[in-house]
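K.L.:
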Amino acid sequence: MTEPTLVTRTGVSALLRAALPSVPVVGALPGIRKDRDATDGFAVTRPSATVEREQVERYAVLCGFPVKDTVPVTYPHMLAAPLHLAVLSDPRFPSAAMGMVHVENSISQHRPIAIGETLEVTTAVGAPLPHPVGTAWALTTTVSAAGETVWESVSTYLRRGRRNPDATWPDELVDVPPSGPVFALRSDLGRRYAAVSGDYNPIHLTTLSAKALGFPRHIAHGMWTKARCLAALENRLSDAVRIDVAFKKPVFLPSSVAFGSRPAQDGNGYDFSLHRRGSDTLHLLGRTRAL
């Protein structure tokens with residue numbers, strides 16, 4: 001794998017670059033055209049980022065975390081998200097970014113990250129993985145402070161396509177019936193989360209923009225649903241913890257969702273889930289385990 005590419009493009013310009021490969025004719029131009037035969041991985045990085053209190057507090061309040069001198073366990077994903085978009089929109093990545101689905105996310109926090117720390121963030125992508133309903137790619141992010149790895153994540157993105165009947169995919173997470181709070185999600189949740197995270201994917205913003213991409217209504221960000229579940233468990237999480245989730249059905253906005261959790265059978269952490277209120281519709285499965 002070559003040295004990581006420095007990423008400076010963010011916001012609307014990054015989204016535009018991600019969309020261009022899907023545009024007829026334009027998608028075939030040099031510098032935009034995808035290398036459909038690419039199988040080697042590559043890495044991208046961003047300029048060093050100092051954790052700012054105001055930004056962290058806006059994120060914490062929106063996701064339901066208490067305001068503290070350390071960041072919520074999911075917060076570093078905000079720093080990694082522009083790198084994910086850069087990977088998916090890079091010509092070296094063989095599939096167009098539009099239409100990719102974030103199906104799984106695993107976070108390993110090795111210690112809490114304090115307000116004011118300066119972080120280095122790198123994301124790498126490996127070879128394509130056969131999935132029963134298409135092809136998947138794992139994006140691995142490493143966050144370090146003064147040379148110490150403090151946080152890592154693996155985000156798995158799926159491109160639906162040719163089915164692979166011989167492919168297997170782990171399905172180890174446990175469905176927990178709703179037993180905790182119900183979260184009422186307003187129609188503007190996607191826009192409010194985008195303002196904090198910088199993720200302005202049109203499927204999250206309005207019904208009109210979501211319909212243009214094939215959704216009946218706009219949907220909540222998957223990483224917001226993960227964060228909101230963990231905020232409900234926050235005072236029971238270890239400082240060093242791994243959290244795995246699988247995103248199932250999208251959460252259409254507005255809606256109400258019901259949270260459920262219970263201690264893991266081995267006594268190490270919790271299993272949790274998110275369902276549509278009053279329905280069997282499953283939105284998210286998850287688990288926490290102390291490291």
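Residue numbers (UniProt numbering): 1 to 291. Ideal placement from N, C-alpha and C gives every residue a C-beta, glycine not left out. Source: prediction; values computed, not measured.
Decide if the stretch 150-166 is in contact with the stretch 95-107; the criterion is three or more beta carbon pairs, one per stretch, under 8 angstroms apart.
P.N.:
Segments in contact, yes.
K.L.:
Between which two residues does the alpha helix (DSSP H) harbouring P82 extend?
P.N.:
The residue given as residue 82 occupies position 82 in the sequence shown. Counting along the chain, the alpha helix (DSSP H) containing P82 begins and ends at P76 to S89.
K.L.:
Report the residue ranges of all beta strand (DSSP E) runs contained in full by the stretch 127-162; include only those spanning at least 3 residues, in chain order.
P.N.:
With a minimum length of 3 residues, the continuous beta strand (DSSP E) runs that stay inside the stretch 127-162 are 129-131, 134-145 and 148-160.
K.L.:
Beta strand (DSSP E) containing Q265: first to last residue?
P.N.:
One-based indexing of the sequence shown puts residue 265 at position 265. Q265 -> no beta strand (DSSP E), and no H or E assigned at all.
K.L.:
Would you kindly check if the distance between the Cβ of A86 and the Cβ of T118 is under 8 angstroms?
P.N.:
Within the sequence shown, the letter at position 118 stands for residue 118. Within the sequence shown, the letter at position 86 stands for residue 86. No; because the gap between Cβ atoms is not below 8 angstroms, this pair is not in contact.
K.L.:
Report the three-state DSSP secondary structure of V251 (helix, strand or coil).
P.N.:
The residue you call residue 251 lines up with position 251 of the sequence shown. V251: coil per DSSP, three-state reduction.
K.L.:
Look at the Cβ atom of T168, then the Cβ atom of V44, and state whether they are nearer than 8 angstroms.
P.N.:
The residue given as residue 168 occupies position 168 in the sequence shown. The residue given as residue 44 occupies position 44 in the sequence shown. Against a cut-off of 8 angstroms, the Cβ pair of V44 and T168 comes out as no contact.
K.L.:
Please determine, among N268, G126, F65 and V51, the residue with the shortest C-alpha to C-alpha distance to H84.
P.N.:
Locating residue 84 in the sequence shown gives position 84, counting from the first residue. Looking at the Cα atoms, G126 is the closest of the given residues.
K.L.:
Taking the CB atoms as reference points, tell me whether G102 and P178 lie closer together than 8 angstroms.
P.N.:
Numbered from its first residue, the sequence shown carries residue 102 at position 102. Numbered from its first residue, the sequence shown carries residue 178 at position 178. Per the sequence shown, residue 102 should be read as His rather than Gly. Not in contact: H102 and P178 (Cβ atoms no closer than 8 angstroms).
K.L.:
Taking DSSP as the reference, what is the three-state secondary structure of A232?
P.N.:
Mapped onto the sequence shown, residue 232 falls at position 232. Three-state result, A232: helix.
K.L.:
Identify, in the order they occur along the chain, each residue of the same chain with its Cβ nearer than 7 angstroms to the Cβ of A212, setting aside the five sequence neighbours on each side.
P.N.:
Residue mapping note: residue 212 aligns to position 212 of the sequence shown, counting from 1. P202.
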